[in-house]
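Notes to accompany the following structure.
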Amino acid sequence: MDLVVLTGIGLLTGVTTVVFGFGGGFAAVPVVVWADAALGADAMRVATATSALVMVVNAGFATAVTPRRTLLALRGTRALVLLLAVGAVAGALATRLAPAGLARAAFVAYVSVTVVDLLLRPGFLRPRAPVEKAEADPRPLPAVLGAPVGAVAAFLGVGGSVMTVPAMRRAGHPMRVATALANPLTLAIAVPAAAVSLSGAAVPAAAGAHVRLVGLVDPGAAAALLLGALPVIAVLRRHPPRIPDRVYAWAYVGLLGTVAAAMVLSP
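Counting in numbering that gives the first Met the number 0, the sequence shown runs from 0 upward without gaps.
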């Protein structure tokens, strides 16, 4: 049953990767916490690590099939990408060292605060300029955001899209571009985070719970999630849904709220 559920959630991660730029992290973390609940408090560590591996594949595939003209908006962001990667290493290492329950509490708190921020602060649901005008001259994402975004994203296993999409939206990009650009930026975070997560010893509880881990990663859960996600990404990149920009922004906020609730309700 776990395999069926994980593959079904994988379908959802495929949708969120293409439509919202999440790379699968936000959907993957709560479901892996549920699937590996036998690990107790360590389930969150395993979930964030497994999420990083899933995001490497999902975000990498989504980036590879994104039109080049869209990716050109990331020109001049080498410093940002480098700092995202540096921050991701620090965040992934912190996952190993921090108390087991801290990442879970931080996940719920951060997503909840983000939802409130998107609802109340102008610039996301209510762009300061018409989308068409802003799209013609978008402001670049500040490189200084790279290290903290990378660290928080890797620590929580979310890939950074919850920070980069709102930032790019407020910088002038429409939702369809902001979410597409989130995938290559997620890749910059997920690759070093996954490398750190795959190295080192598994959590001690894994043997007693009969969960096979590689480092902190549950490869079985990752494979099931990817089995569902990759075909969906391939289809939606060829036939992207046409969503009005304002509806798109509200759907993004609604999905964040749903994920926070799922994490609170998971075992």
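For each residue, glycine too, the CB sits at the ideal point set by N, CA and C.
| query | result |
| --- | --- |
| Just the Cα atoms here: how many angstroms apart are LYS132 and THR178? | Bear in mind that the predicted position of LYS132 carries a pLDDT of just 46, short of 50, making it too unreliable to give a figure here. |
| Go through the segment 168-236 residue by residue and report every complete run of the alpha helix (DSSP H) that reaches 4 residues or more, in order. | 174-197, 204-208 |
| Taking its Cβ as the centre, do 16 or more other Cβ atoms sit within 10 Å of SER50, making it buried, or is it exposed? | buried |
| Are MET43 and ALA189 closer than 8 Å when you measure CB to CB? | no |
| Could you compute how far the alpha carbon of VAL216 sits from the alpha carbon of PRO191? | 14 Å |
| Quick one: using the 10 Å Cβ neighbour count with 16 as the cut-off for buried, is SER196 buried or exposed? | buried |
| In angstroms with no decimal places, state the Cα-to-Cα distance between ASP35 and ALA91. | 19 Å |
| Run the CB neighbour count on PRO141, radius 10 Å, all protein chains shown included, and call it buried at 16 or more, exposed below. | exposed |
| Got a sec, what are the start and stop residues for the alpha helix (DSSP H) PRO29 sits in? | 24-34 |
| Let me see if you follow: with CB-CB separation under 8 Å, is ALA259 close to chain D or not? | Absent from the structure: chain D. Only one protein chain is present. |
| Considering only their Cβ atoms, is the gap separating VAL45 from LEU212 smaller than 8 Å? | yes |
| Would the segment 218-228 and the segment 5-18 be scored as touching if the rule is three or more Cβ pairs under 8 Å? | yes |
| With three or more C-beta pairs closer than 8 Å as the rule, is the segment 152-172 touching the segment 101-118? | yes |
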